[in-house]
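Sequences listed follow chains A and B, in order. Everything in the first sequence is counted per this note's numbering, starting at 6 for the first residue and increasing by one. Everything in the second sequence is counted per this note's numbering, starting at 6 for the first residue and increasing by one.
There are 2 protein chains.
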Amino acid sequence: MNANKEIQVAIFEDNPIMMDAYRSILNGSPGYTCTGSFTSCNNWKHDIEKSKPDVVLMDIEMAGINGINATRLIKKEFPAIRILIQTVFEDDAKIFEALCAGANGYILKNTSPVKMLEAIADVQSGGVVFNPAIAAKLVTLFQKFIVPMAATVDYQLTEREKEILQLLTKGMPMPRIAETILLSYHTVRDHVKSIYHKLHVASATEAVSKALRENLV
Amino acid sequence: MNANKEIQVAIFEDNPIMMDAYRSILNGSPGYTCTGSFTSCNNWKHDIEKSKPDVVLMDIEMAGINGINATRLIKKEFPAIRILIQTVFEDDAKIFEALCAGANGYILKNTSPVKMLEAIADVQSGGVVFNPAIAAKLVTLFQKFIVPMAATVDYQLTEREKEILQLLTKGMPMPRIAETILLSYHTVRDHVKSIYHKLHVASATEAVSKALRENLV
DNA sequence: AATCTTCTCCCTCAATTGAGGGATTGCATT
DNA sequence: AATGCAATCCCTCAATTGAGGGAGAAGATT
Chain A
6 MNANKEIQVA IFEDNPIMMD AYRSILNGSP GYTCTGSFTS CNNWKHDIEK
56 SKPDVVLMDI EMAGINGINA TRLIKKEFPA IRILIQTVFE DDAKIFEALC
106 AGANGYILKN TSPVKMLEAI ADVQSGGVVF NPAIAAKLVT LFQKFIVPMA
156 ATVDYQLTER EKEILQLLTK GMPMPRIAET ILLSYHTVRD HVKSIYHKLH
206 VASATEAVSK ALRENLV
Chain B
6 MNANKEIQVA IFEDNPIMMD AYRSILNGSP GYTCTGSFTS CNNWKHDIEK
56 SKPDVVLMDI EMAGINGINA TRLIKKEFPA IRILIQTVFE DDAKIFEALC
106 AGANGYILKN TSPVKMLEAI ADVQSGGVVF NPAIAAKLVT LFQKFIVPMA
156 ATVDYQLTER EKEILQLLTK GMPMPRIAET ILLSYHTVRD HVKSIYHKLH
206 VASATEAVSK ALRENLV
């Protein structure tokens with residue numbers, strides 16, 4: 006029906022006024038068509054099948070099935086559809102959940118129409134779009150989780166020691182480790198002793214704790 | 006010297022032709038001034054002090070001190086300066102490193118001048134900017150690290166058990182735990198037994214491993 | 001009243017672990 | 001030749017741990 010390069014967009018949006026505004030913007034812009042607009046996600050499957058969107062513009066705050074759960078459901082059933090979340094809140098937990106649900110972008114509702122159209126085109130071509138403010142939060146989240154793991158000290162463990170430490174962190178007792186890597190029980194114990202000295206710990210649990218927390222394995 | 010709202014930009018860029026292009030764009034655009042342009046980061050401190058930038062446009066591939074290390078150094082010395090990394094490569098490891106170094110944005114060199122100016126304004130006002138393609142990679146990285154941690158089973162540990170498990174994961178032996186939380190040694194051992202049953206493990210190291218890997222503590 | 005859960009305390013026995021000691025081989029560096 | 005280091009093996013003793021048993025008190029649920 007549409008020319009090849011028209012991006013087909015479906016809108017899920019609580020507020021009829023916002024929805025009309027979005028629809029007008031889309032239909033008034035060359036290259037974009039709004040093929041469906043819905044005030045709830047309760048019939049999402051039917052609505053998606055009917056409107057065959059390339060990109061879904063999804064409001065996060067909706068009665069019934071909310072935007073994040075709808076994103077999860079749609080992504081599961083139609084993995085090719087790109088979903089752009091729209092929200093008024095810059096809430097860490099929401100961003101987190103939306104990402105986990107498989108959203109391809111996360112923009113604020115005060116985003117200008119031009120930026121919104123750009124964002125739709127970007128996600129359509131495989132990119133992910135964030136408002137700069139949202140991206141800043143994402144990076145903070147990222148650094149909170151990842152950076153502590155990256156900043157690792159080098160304890161100068163030998164290859165054998167690393168190998169044994171890894172088995173220790175799986176919870177394997179030393180007699181079993183000896184069998185596994187074909188060494189005498191005594192030798193394994195000696196290596197473990199050496200590991201403790203190098204990590205400055207005094208027990209297996211402490212070594213495992215340090216190894217996992219500092220990503221030594 | 007400049008009007009209040011002029012954004013002062015310093016450029017670190019290997020390639021003199023690219024650098025000239027960037028400088029022309031900046032000085033030709035109202036609201037932006039290029040206060041310094043340098044072909045290496047070897048004198049970064051002096052260069053920064055001289056050019057007093059709000060935003061640094063940083064090439065990632067440079068001889069001597071590379072863009073990522075320079076970012077780390079500048080951020081350490083001048084935390085208020087915002088740094089926008091520019092690169093030709095969409096390399097996971099590089100993005101990762103740049104984020105850890107404290108970069109405020111990461112854009113590709115084929116980004117249009119208009120977008121580049123926007124990005125500079127965005128990072129200047131506290132946002133973080135990514136090309137959609139870069140953002141997509143970041144989200145993939147994010148999901149790889151975070152999602153497995155979020156999908157946690159509930160082992161129905163009681164409060165006491167959680168408390169003791171946490172001390173165990175610090176590597177504390179049971180006699181010490183008993184002293185710490187003012188319980189009899191026997192009682193601590195009983196709780197630990199109970200933890201093992203609920204986590205389906207058979208030793209302290211295994212419990213610690215499971216607790217840390219699945220983020221139970 | 002009966003049951004369940006949580007939390008508390010105790011005992012025993014065998015296995016595992018931590019800390020100390022000593023010893024040999026092979027390889028690389030000095 | 002000498003030194004250092006990783007890797008291997010062994011022994012002992014005391015402490016800790018894992019697995020089994022039993023038991024009581026407080027609180028919630030049925």
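Don't be surprised by glycine CBs; every beta carbon is placed ideally from N, CA and C. All figures in this text were calculated on a predicted structure; none of them were measured in a lab.
Item	Value
In DSSP terms, what A:Gly258 is bridged to	The structure shown does not extend to residue 258 of chain A, since chain A is modelled only from 6 to 222, so the question has no answer here.
Chain-ordered neighbours of B:Glu211 on chain A, where CB pairs are closer than 7 Å	Gly176
Best match in B:Phe94, B:Val193 and B:Leu187 for proximity to B:Met179 [C-alpha to C-alpha]	B:Val193
Residue interval of the beta strand (DSSP E) (run including B:Thr92)	Arg87 to Thr92
Cβ-Cβ distance between B:Phe83 and B:Ser45 below 9 Å	no
Rounded separation between A:Leu113 and A:Ile65 - CA only	10 Å
Cα-Cα separation, A:Val119 to B:Asn74	36 Å
Residues in the segment 132-145 of chain B having any Cβ partner in chain A nearer than 8 Å	Gly132, Val133, Val134, Phe135, Asn136, Pro137, Ala138, Ala140, Ala141, Leu143 and Val144
For B:Lys57 and B:Glu11, the rounded distance between their alpha carbons	12 Å
Close Cβ partners of A:Ala156 (< 6 Å) along its chain, the five nearest in sequence each way excluded	Below a pLDDT of 50, predicted positions are generally treated as unreliable, and A:Ala156, at 48, falls in that range; the measurement from the model is reported next regardless. Answer for A:Ala156: no residue qualifies.
is_contact[A:Asn7, chain B] using C-beta, thresh 9 Å	Unreliable positioning characterises A:Asn7 in this predicted model, as indicated by a pLDDT of 43, which lies under 50. A coordinate reading is not provided.
Length of the line joining the Cα atoms of B:Tyr37 and B:Gln13	6 Å
Boundaries (first-last residue) of the alpha helix (DSSP H) holding A:Tyr111	Not the alpha helix (DSSP H): A:Tyr111 falls in the beta strand (DSSP E), residues Gly110 to Leu113.
Under the three-state DSSP convention, the category A:Ala207 falls into	coil
CA-to-CA distance, A:Phe43 to B:Arg121, given in whole angstroms	Per the sequence shown, the amino acid found at residue 121 of chain B is Met instead of Arg. Going by the C-alpha atoms only, they are around 36 Å apart.
Cut-off 7 Å between Cβ atoms - residues of its own chain near A:Gly78, not counting five sequence neighbours on either side	The amino acid occupying residue 78 of chain A in the given sequence is Leu; Gly does not appear at that position. Excluding residues within five positions, the ones whose Cβ falls inside 7 Å are Trp49.
Beta-carbon proximity of B:Leu162 to A:Val213, cut-off 9 Å	no
Whether A:Asp59 touches A:Gln129 by CB criterion (9 Å)	yes
C-alpha gap between A:Lys80 and B:Glu184, whole angstroms	52 Å
When B:Leu187, B:Glu219 and B:Leu104 are compared against B:Phe147, the one with the closest alpha-carbon	B:Leu104
Beta-carbon spacing of A:Gly41, B:Pro137 below 9 Å	no
Host alpha helix (DSSP H) of B:Asp52 (start-end)	Trp49 to Ser56
Buried/exposed call for B:Val144, threshold 16 Cβ in 10 Å	buried
Collapsed DSSP secondary structure at A:Asp64 in the structure displayed	strand
Any C-beta of chain B under 9 Å from that of A:Ala207	yes
CB contact below 9 Å: A:Arg194 versus chain B	no
Run of the alpha helix (DSSP H) containing B:Met121, from where it starts to where it stops	Pro118 to Gln129
Residues of the segment 111-127 of chain B whose Cβ lies closer than 8 Å to any Cβ of chain A, in chain order	Asp127
Cα-Cα separation between A:Asn220 and B:Lys215, rounded to whole angstroms	14 Å
Amino acids of chain B, ordered along the chain, whose beta-carbon sits closer than 9 Å to that of A:Leu221	By Cβ distance, chain B contributes nothing, its closest Cβ being about 12 Å from A:Leu221, past 9 Å.
Span of the alpha helix (DSSP H) around A:Asn32	Pro21 to Asn32
Contact set between B:Leu173 and chain A, taken where Cβ atoms lie within less than 9 Å	Thr210 and Ser214
Collapsed DSSP secondary structure at A:Lys10 in the structure displayed	coil
Run of the alpha helix (DSSP H) containing A:Glu219, from where it starts to where it stops	A:Glu219 -> no alpha helix (DSSP H), and no H or E assigned at all.
CA nearest to the CA of A:Ile70, picked from A:Asp195, A:Val134 and A:Asn47	A:Asn47
Interface residues of chain A facing B:Arg218 [CB-CB closer than 7 Å]	Leu217
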